[in-house]
Amino acid sequence: MIEYAIELHGVCKSYRFFELQNIALRLHRGTIMGLIGPNGAGKSTTIRILMGLVHQDRGEVRVLGHRMPDDQVAAKWDIGFASEDMRLYEPVTLGWHINFMKSIYASWDDAYAQVLLKRFGLNAEQKIKGLSHGQRVKAALLLVFARRPKLLVLDEPTTGLDPVARHEILRELMAVMAEEGRSVLFSSHNTQDVEQISDQITFIDRGRIIDSMDKEIYLDRWRRLRLEVPDGVALPSLPGVIGIQQTGRLAVAIANAFEPHLPNVYEDSGARVHAVENMTLEEIFVANVEHSREEVEA
Amino acid sequence: MKSNVILQVILKDWRQQRRMIVLSLLAGGIALAVLQMRGQTPLVLGTVFFFIAIMFCACLLPITNIVNERKKQTLAFLMSLPISSSRYGAAKLLSTFGMFVVPWLTLVAAALYMILFRHVLPNGVIPMMLILANLPFIGFCLITGTALVGESEGWGNAAVAVVNSSYWLAWYLLVSQVPSLSHNWTSPVAVWSPAVFKILGVEFAMILLILGTALYLQSRKRDFI
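Sequence order for the protein chains is A and B. Counting the first sequence from 1 gives a position; my numbering is that position plus 493. With the first letter of the second sequence counted as 1, position 52 gets the number 32 in my numbering; the numbers rise by one all the way through.
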């Protein structure tokens, strides 16, 4: 059995004004990975390389054990792909699309498609051009989910959706994951969505992977320390602390490898620790991106 | 069992474009009916509308079947299926080609029938009619190839403009520069001169060359979406 649903090693792709640099990524089977990055970070390019739609200049890509882009046809039988810029055929109905997918995929699950129609509040007889944006996204995801693919690759699927529609889609993603062995790569710049459903988080910025690990480890390792620094006291530079912002006597230290003894070290240096706070994924993401950019520029 | 995705894409295209095929056939049929009325005016009107019906099909089919797939962002949906860019290119070429050949062949066969059996025009016009009917065929191949390889509405429209403005030049050159064609079209029998065979041969070679080049370039693409 294949250990990884997705494996990328040393993947590079150059465009005139953008470069994807040495991308290395591994998605274990049966897990959900959130790929987070600002606009233009390289999320969609990475996903297109995974799908064989863009060929990498260098590096190796394997999806469900298939080498990409050469074996993309074999791989795509088991991949469900949906992207934010994907549109369905407007003049025809959702039912037409369902029949089209049924004619291709023997794995199509009609009963599940009916359940999803009801759950998403869709009507198979309705033409795509009559659907709202949210309904169109749900329709596209229905066509992906009801194929029962082994791997779901979703490029910003919740962009532009209202909170209720986003919740419905995330809930359905969780339900899909309840089936053993399914894997999901989910790209977004909405950290809330990713935080809700992901096991693994990968941050990407300016064409580089800046960090990738389990979500719980992220949340566990990142802390914000609120400090009071009396006059004459200089805060020490500590391993695991990636940045300190000081305004007068008040300072905020961001730790990306928090250890329980860290507050004591600050106390010993003469500072007072007012609070040690957990950080949200969004705060971790922003701090991580800023730190990475400072490192690159330095 | 895995289904043939190329076949399913072709069938999908046919279902989506069938209205245009029927419309072209209808327009060509009306043109031939006008031609049957006899007289100078119906002859001119019927002939012009006959070629317009074929040219309409040659221009619009590649745009609606290939360019619109990208313009309306349905290409990503299609490419999420188990199909590579080269297979997609083959499927699109086959479906568009088939959708054009059916009305083209039907209308040309109907025109031949009208000439041979209803005697609306002398048989001497047959070589000229076949040569002229091949011009929209070449134009169709050029627009299809450009639409497939060029990947944009701009390239598609440019190909349409070039093809449509070239018809009249080609017609003029054929009539003025190939005497064996223009001298024999009032003849009661079709005259198959070496010049006719040469022109037909060049036309078929161009069709094959354009389609082959488009398929080759499509298979070499590294970035598809």
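All C-beta atoms, glycine included, are put in the ideal place defined by N, C-alpha and C.
Item to check | Where the beta strand (DSSP E) through A:H502 begins and ends | outcome: Y497 to S507
Next on the checklist: Just to confirm my understanding: we take B:F120, look at its own chain, exclude 5 residues before and 5 after, and list those with CB closer than 6 Å. What are they?
Outcome noted: Beyond the five residues adjoining it in sequence on each side, B:F120 comes within less than 6 Å, by CB distance, of A38 and F80 in the same chain, given in chain order.
Checklist entry - If you count every other CB in all the chains shown that lies within 10 Å of the CB of A:F751, and 16 or more means buried, which is it? => result The C-beta of A:F751 has 16 or more other C-beta atoms within 10 Å across all chains shown, which makes the residue buried.
Item to check | Residues that DSSP places opposite A:A768 in a beta bridge | outcome: A:R719
Checklist entry - Near A:M544, what residues of its chain come up, given a Cβ to Cβ distance below 6 Å and the 5 sequence neighbours on each side ignored? => result F574
Next on the checklist: Please state whether the Cβ-Cβ distance between A:I747 and A:R714 is less than 7 Å.
Outcome noted: It is not a contact, given that the beta carbons lie outside the stated cut-off.
Item to check | Members of the region 43 to 54 of chain B near chain A, C-beta cut-off 9 Å | outcome: K52, Q53 and T54
Item to check | Nearest residue (CA-CA) to A:R786, options A:A633, A:G627, A:G700 and A:S600 | outcome: Distance check between A:R786 and each of A:A633, A:G627, A:G700 and A:S600 places A:G700 closest, using alpha-carbon atoms only.
Next on the checklist: Since B:A170 and B:I106 should fall inside the 8 Å C-beta cutoff, what is the C-beta to C-beta distance between them, to a whole number of angstroms?
Outcome noted: 4 Å
Next on the checklist: Run through the DSSP bridge pairs and tell me what A:T740 is partnered with.
Outcome noted: A:L743
Checklist entry - In chain A, what lies closer than 8 Å to B:A127 by C-beta? => result Within 8 Å Cβ-Cβ: nothing; B:A127 doesn't reach chain A, min ~18 Å.
Checklist entry - Considering only C-alpha positions, which residue in the set B:L112, B:L154, B:L73 and B:L3 is nearest to B:V207? => result It is not possible to answer for residue 207 of chain B, since the shown part of chain B is limited to -19 through 205.
Checklist entry - Quick one: does A:H767 have its CB under 7 Å from some CB of chain B? => result no
Checklist entry - Residue range of the beta strand (DSSP E) that A:M579 falls in? => result Note, A:M579: premise wrong, no beta strand (DSSP E); not H, not E.
Checklist entry - Using a C-beta to C-beta distance shorter than 7 Å, which residues of chain B count as neighbours of A:S576? => result Neighbourhood of A:S576 in chain B, by CB distance below 7 Å: A56, in chain order.
Checklist entry - How would you list, in chain order, the residues of chain A whose beta-carbon sits under 8 Å from the beta-carbon of B:R202? => result V547 and H548
Checklist entry - Under the rule that 16 or more other beta-carbon atoms within 10 Å means buried, what is B:F177, buried or exposed? => result exposed
Checklist entry - In chain order, which alpha helix (DSSP H) runs of at least 4 residues are fully inside the region 61 to 110 of chain B? => result The region 61 to 110 of chain B contains these whole alpha helix (DSSP H) runs: 65 to 97.
Checklist entry - Based on the DSSP output, what are the partners of A:E787 in its beta bridges? => result According to the DSSP secondary-structure assignment, A:E787 is paired through a beta bridge with no residue.
Checklist entry - Which value, in whole angstroms, describes the spacing of the CA atoms of B:P102 and B:G130? => result Rounded to whole angstroms, the gap between the alpha carbons of B:P102 and B:G130 is 43 Å.
Item to check | Cβ-heavy atom distance, A:K595 to the ligand MN, below 6 Å | outcome: As far as ligands go, the structure on display features none, and thus does not contain the ligand MN.
Next on the checklist: Less than 7 Å between the beta carbons of A:S691 and A:L644, yes or no?
Outcome noted: no
Next on the checklist: Using a 10 Å radius around the Cβ and a threshold of 16 neighbouring Cβ atoms, would you call A:V687 buried or exposed?
Outcome noted: buried
Item to check | For A:Q514, three-class secondary structure by DSSP | outcome: strand
Item to check | Proximal chain A residues relative to B:M59, where beta-carbon distance stays under 7 Å | outcome: L546
Checklist entry - Do A:R541 and B:T54 come within 7 Å of each other at the CB atom, strictly closer than that value? => result Taking 7 Å as the Cβ cut-off, B:T54 and A:R541 do not qualify as a contacting pair.
Checklist entry - Where in the region 668 to 728 of chain A do unbroken runs of the alpha helix (DSSP H), each at least 4 residues long, occur, reported from the N-terminal end onward? => result 684 to 690 and 708 to 714
Checklist entry - Are the C-beta of A:Q693 and some C-beta of chain B separated by less than 7 Å? => result no
Checklist entry - Which runs of the beta strand (DSSP E) spanning at least 3 residues fall entirely within the region 593 to 670 of chain A, listed in chain order? => result 644 to 648
Next on the checklist: Please give me, in chain order, every unbroken run of the alpha helix (DSSP H) with length at least 4 that falls completely inside the region 1 to 46 of chain B.
Outcome noted: 20 to 42
Checklist entry - If A:T539 sits next to A:I516, beta carbons under 8 Å apart, how far is it from one beta carbon to the other, in whole angstroms? => result With 8 Å as the limit, A:T539 and A:I516 qualify as a contact, their Cβ atoms being about 6 Å apart.
Checklist entry - Does B:P116 have its Cβ less than 7 Å from a Cβ in chain A? => result no
Next on the checklist: Going by the DSSP bridge assignment, what does A:D563 pair with across the sheet?
Outcome noted: Beta-bridge pairing links A:D563 to no other residue.
Checklist entry - Going by the CB atoms, is the gap between A:I777 and A:A534 shorter than 7 Å? => result no
Checklist entry - Which residues, in chain order, does the region 594 to 610 of chain A contribute to contact with chain B at a C-beta distance below 9 Å? => result M594, S596, I597, Y598 and A599
Item to check | Whole-Å CB distance - B:D203 paired with A:H548, under 8 Å assumed | outcome: 7 Å
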